[in-house]
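As you go down the protein sequences, you meet chains A and B in turn.
Once you know that position 43 of the first sequence is 331 in the working numbering, the rest is easy, because the numbers rise by one and skip nothing.
Once you know that position 14 of the second sequence is 302 in the working numbering, the rest is easy, because the numbers rise by one and skip nothing.
Quick reminder that beta carbons are idealized off the backbone N, C-alpha and C, glycines included.
There are 2 protein chains.
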Amino acid sequence: MTESLQIQLKKGVLEMCVLALLSKGDNYAYDIASRMADAVGMGEGTIYPLMRRMQNDGLVTTYLQESGSGPPRKYYKITKEGAQTLKNQITDWLAFEAAVHKILGELT
Amino acid sequence: MTESLQIQLKKGVLEMCVLALLSKGDNYAYDIASRMADAVGMGEGTIYPLMRRMQNDGLVTTYLQESGSGPPRKYYKITKEGAQTLKNQITDWLAFEAAVHKILGELT
DNA sequence: CACGATACCTTGTGATGCAAGATACTATTT
DNA sequence: AAATAGTATCTTGCATCACAAGGTATCGTG
Numbered sequence: 289m290t291e292s293l294q295i296q297l298k299k300g301v302l303e304m305c306v307l308a309l310l311s312k313g314d315n316y317a318y319d320i321a322s323r324m325a326d327a328v329g330m331g332e333g334t335i336y337p338l339m340r341r342m343q344n345d346g347l348v349t350t351y352l353q354e355s356g357s358g359p360p361r362k363y364y365k366i367t368k369e370g371a372q373t374l375k376n377q378i379t380d381w382l383a384f385e386a387a388v389h390k391i392l393g394e395l396t
Numbered sequence: 289m290t291e292s293l294q295i296q297l298k299k300g301v302l303e304m305c306v307l308a309l310l311s312k313g314d315n316y317a318y319d320i321a322s323r324m325a326d327a328v329g330m331g332e333g334t335i336y337p338l339m340r341r342m343q344n345d346g347l348v349t350t351y352l353q354e355s356g357s358g359p360p361r362k363y364y365k366i367t368k369e370g371a372q373t374l375k376n377q378i379t380d381w382l383a384f385e386a387a388v389h390k391i392l393g394e395l396t
């Protein structure tokens with residue numbers, strides 16, 4: 289394990305979900321936030337700082353595009369590095385899931 | 289949803305694991321910490337505050353017992369309320385897992 | 001008696017999830 | 001034309017928390 293799975297969990301799971309979404313097509317934060325809010329209860333106040341962090345880490349790039357229905361959207365596009373990170377995070381996530389299930393044991 | 293699944297994740301997953309361990313038998317923090325360190329990379333500095341929190345929340349009770357090999361151990365015993373909390377947390381956890389898998393989709 | 005292992009606990013730091021609010025553009029209603 | 005509602009961006013402040021590092025005390029062994 290490169291670093292504590294716990295760290296992976298905390299820093300990684302939301303990032304992983306966002307990267308997974310972006311791997312299926314470019315998207316903008318507001319829409320990502322809506323989807324994530326439905327799926328795992330994450331709001332805008334969490335998404336925007338997260339997107340900036342991911343951009344700083346080189347996992348995504350951005351470009352502006354007019355929308356016709358509101359202010360221009362800032363689209364995020366996953367990078368090669370982001371795709372690799374996603375791959376690693378999925379591996380770590382599956383390992384973490386397995387570890388938790390082992391602890392839960394026959395309680396499930 | 290009672291509260292954001294995200295909060296459940298953060299505050300709940302480690303607690304859930306500890307409660308699951310305790311549901312199989314009383315244990316003391318040092319040993320719990322060792323097991324959790326192996327399983328999900330959590331150390332003592334995380335466990336001790338967590339145990340106190342859980343005690344304050346009425347999820348566990350404690351009793352002291354001599355060990356013969358070091359200082360006396362403070363054993364933790366899960367309460368009825370703790371068992372119920374564990375049940376709820378497992379339900380939430382499985383729902384969260386399902387949500388993440390849905391997002392990951394065919395990427396897994 | 002010194003040392004390592006066991007076992008407890010505290011402090012300080014850095015991240016971060018989130019609610020709430022600020023800003024601004026467009027379309028629809030009044 | 002003014003007001004409202006929806007879209008979309010981002011910031012601030014708060015509370016929480018995992019973790020590393022350090023501190024204390026007990027026991028057995030060399």
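Amino acids of chain A, ordered along the chain, whose beta-carbon sits closer than 8 Å to that of residue i
| i | result |
| --- | --- |
| residue 385 of chain B | 385 |
| residue 366 of chain B | Result: empty, since nearest Cβ-Cβ is about 12 Å, beyond 8 Å. |
Contact set between residue i and chain B, taken where Cβ atoms lie within less than 9 Å
| i | result |
| --- | --- |
| residue 309 of chain A | 391 |
Pick from the options that is closest to residue i, judged by C-alpha positions
| i | options | result |
| --- | --- | --- |
| residue 337 of chain A | A:320, A:372, A:351 | A:320 |
| residue 361 of chain A | A:344, A:312, A:350 | A:350 |
| residue 328 of chain B | A:310, A:393, A:387, A:317 | A:387 |
| residue 354 of chain B | B:311, B:316, B:303, B:300 | B:316 |
| residue 397 of chain B | B:302, B:301, B:310 | Past the edges of chain B, shown from 289 to 396, lies residue 397 of chain B, and the structure says nothing about it. |
| residue 324 of chain B | B:302, B:366, B:392, B:352 | B:302 |
| residue 300 of chain A | A:389, A:390, A:382, A:332 | A:382 |
| residue 308 of chain B | B:318, B:331, B:373 | B:373 |
| residue 357 of chain B | B:343, B:331, B:318, B:365 | B:318 |
| residue 352 of chain A | A:376, A:364, A:385 | A:364 |
| residue 390 of chain B | A:314, A:339, A:378, A:391 | A:378 |
| residue 346 of chain A | A:334, A:330, A:367, A:305 | A:367 |
| residue 266 of chain A | B:371, B:392, B:393 | There is no way to answer for residue 266 of chain A, as the model of chain A reaches only from 289 to 396. |
| residue 304 of chain A | A:339, A:359, A:395, A:344 | A:339 |
| residue 313 of chain B | B:333, B:348, B:376, B:332 | B:348 |
Contact list for residue i against chain A, beta-carbon separation under 9 Å
| i | result |
| --- | --- |
| residue 327 of chain B | 293, 387, 388, 390, 391 |
Residue(s) in a DSSP beta bridge with residue i
| i | result |
| --- | --- |
| residue 362 of chain B | B:352 |
Start-to-end residues for the alpha helix (DSSP H) that takes in residue i
| i | result |
| --- | --- |
| residue 390 of chain B | 368-392 |
Which full runs of the beta strand (DSSP E) of 3+ residues lie inside the stretch 314-342 of chain A, going along the chain? Counting only runs of 3 or more, we get nothing.
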